[in-house]
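These notes concern the structure reproduced below.
Number of protein chains: 2
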Amino acid sequence: MDVNMAKLDELDLKILQELVADSSQSIPKLSKKIDVNTSVVYSRIKRLVRRGIIKRFTVEVDESQLGYTVSAYVGVNTDSKKRDSVRTGIMGIPEVRELAEVTGRFDFLVFLRAKGLEELHNVISQKIGMIDGVEHTETFISMRQESKGPEI
Amino acid sequence: MDVNMAKLDELDLKILQELVADSSQSIPKLSKKIDVNTSVVYSRIKRLVRRGIIKRFTVEVDESQLGYTVSAYVGVNTDSKKRDSVRTGIMGIPEVRELAEVTGRFDFLVFLRAKGLEELHNVISQKIGMIDGVEHTETFISMRQESKGPEI
DNA sequence: ATTGAAACAACTTGCAG
DNA sequence: CTGCAAGTTGTTTCAAT
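Those protein sequences? They're chains U and X, same order as listed.
Numbering follows our numbering, with no gaps: position 75 of the first sequence is 75.
Numbering follows our numbering, with no gaps: position 4 of the second sequence is 4.
Quick look at the structure:
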């Protein structure tokens with residue numbers, strides 16, 4: 001939120017950028033690279049974590065190597081009285097990765113992954129389609145995907 | 001891809017799960033937690049990185065605290081002869097975070113973030129809309145968003 | 001907030017079994 | 001894969017600025 005928006009200086013942004021690119025590099029190495037005192041980098045990172053600007057340290061996993069070879073977006077329309085329970089139901093489906101409540105033609109846009117087209121079809125028609133309150137779905141199978149990190 | 005799909009055992013998956021949740025925990029601590037010899041955890045992680053199953057160590061940034069308070073999906077239709085240049089053009093827009101080439105009503109689904117509704121409008125109408133080959137766009141402003149990690 | 005260094009703690013590698 | 005030793009490296013603390 002705007003009111004909670006921390007003032008970040010150039011150094012904070014530089015550190016964020018470096019950690020997004022590679023959070024496994026050690027802080028002494030990082031501080032040498034950006035030519036800033038190690039103690040400062042330590043305390044800046046702690047502050048970024050404390051403020052929640054860094055939400056977590058994690059790894060990016062190649063899900064296709066875990067067998068999830070198909071991904072799709074699904075637009076979902078619901079009975080507006082049942083929006084909340086539909087959201088909960090959708091988030092309970094293991095294949096679902098992201099759900100956005102949106103303006104426009106759909107009520108939700110859902111991103112999900114499946115281990116093949118058959119499983120994708122099954123998830124959409126049997127899992128999403130069967131949730132009470134779901135009135136209509138429209139599927140966009142992703143043939144190719146590119147992503148970028150946050151703009152820092 | 002299926003042919004390159006590595007065989008991952010329970011231990012590999014457990015390690016991945018732990019690192020997705022928190023990649024800043026040290027390997028000795030992680031190995032104690034899951035009760036596996038430290039040397040084994042070291043070599044498994046190296047193998048996961050070598051195989052590309054772990055794509056990178058990174059941090060998750062709260063972009064709303066960087067001022068990106070508005071996010072949206074945009075469906076894009078293009079002149080099919082100009083698809084490739086449109087893709088390149090869209091990926092060149094700083095606010096764009098993800099682009100998927102999809103089947104169905106749209107040719108692309110684009111996810112982006114902006115620092116306010118005015119900037120969102122500007123990005124869509126002035127940046128995306130002005131790309132040669134873009135014929136139509138449809139905007140879905142995200143009012144609320146939930147995401148989950150990979151299913152491991 | 002930053003610096004620099006000391007004291008402390010922890011990680012990483014290599015190897016024999 | 002195990003367990004450990006040796007070597008290396010990271011982390012905290014603090015007095016001074």
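Ideal placement from N, C-alpha and C gives every residue a C-beta, glycine not left out.
CB contact below 8 Å: residue i versus chain X
i	result
Ile131/U	no
Asp62/U	yes
Glu22/U	The sequence given here has Asp at residue 22/U, not Glu. Yes, Asp22/U lies at the interface with chain X (some Cβ there is under 8 Å from its Cβ).
Gln126/U	no
Arg97/U	yes
Thr38/U	no
Ser147/U	yes
Glu19/U	Checking the displayed sequence, the identity of residue 19/U turns out to be Leu instead of Glu. True, the Cβ-Cβ gap to chain X drops below 8 Å.
Ile27/U	no
Lys55/U	yes
Leu11/U	no
Arg47/U	no
Glu135/U	no
Val169/U	Nothing about residue 169/U can be read from this structure; chain U reaches only from 1 to 152.
8 Å Cβ cutoff met for residue i and residue j
i	j	result
Ile53/U	Ile27/U	no
Glu98/U	Phe108/U	no
Ile131/U	Val86/U	yes
Pro150/U	Leu66/X	yes
Val134/X	Val76/X	yes
Phe140/U	Val102/X	yes
Leu16/X	Val61/U	yes
Ala6/X	Tyr68/X	no
Glu138/X	Gly104/U	yes
Gly116/U	Val70/U	yes
Ile34/U	Lys55/U	no
Leu48/X	Asp12/X	yes
Below-8 Å beta-carbon distance, residue i vs any chain U residue
i	result
Tyr42/X	no
Ala114/X	no
Ile141/X	yes
Arg105/X	yes
Gly52/X	yes
Leu66/X	yes
Ile34/X	no
Glu101/X	yes
Leu30/X	no
Glu118/X	no
Val70/X	no
Val110/X	no
Opening and closing residue of the beta strand (DSSP E) in which residue i lies
i	result
Arg160/U	What the structure shows of chain U is the stretch from 1 to 152, and residue 160/U is not part of that stretch, so it cannot be assessed.
Gln145/U	134-147
Tyr73/X	70-78
Val61/X	54-61
Unbroken alpha helix (DSSP H) run spanning residue i, endpoints
i	result
Leu99/U	Segment 96-102 is the beta strand (DSSP E) holding Leu99/U; no alpha helix (DSSP H) there.
Phe50/U	First, the residue type needs correcting, since residue 50/U is Arg and not Phe in the sequence shown. Looking at the DSSP string, the run of the alpha helix (DSSP H) that includes Arg50/U is 38-50.
Val123/U	Segment: none, Val123/U is in no alpha helix (DSSP H) and carries neither H nor E.
Ala21/X	10-21
Lys32/U	27-34
Arg105/U	That residue, Arg105/U, is in no alpha helix (DSSP H); it is neither H nor E in DSSP.
Ile90/X	83-91
Presumed contact (8 Å Cβ cut-off) between residue i and residue j, rounded CB distance
i	j	result
Gln145/U	Ala100/X	5 Å
Ser31/X	Phe57/U	Not quite, the Cβ-Cβ distance comes to about 17 Å (not below 8 Å), so this is no contact.
Mind checking the segment 74-90 of chain U against chain X and listing, in chain order, the residues whose C-beta falls within less than 7 Å of any C-beta there?
Residues passing the 7 Å Cβ filter: none.
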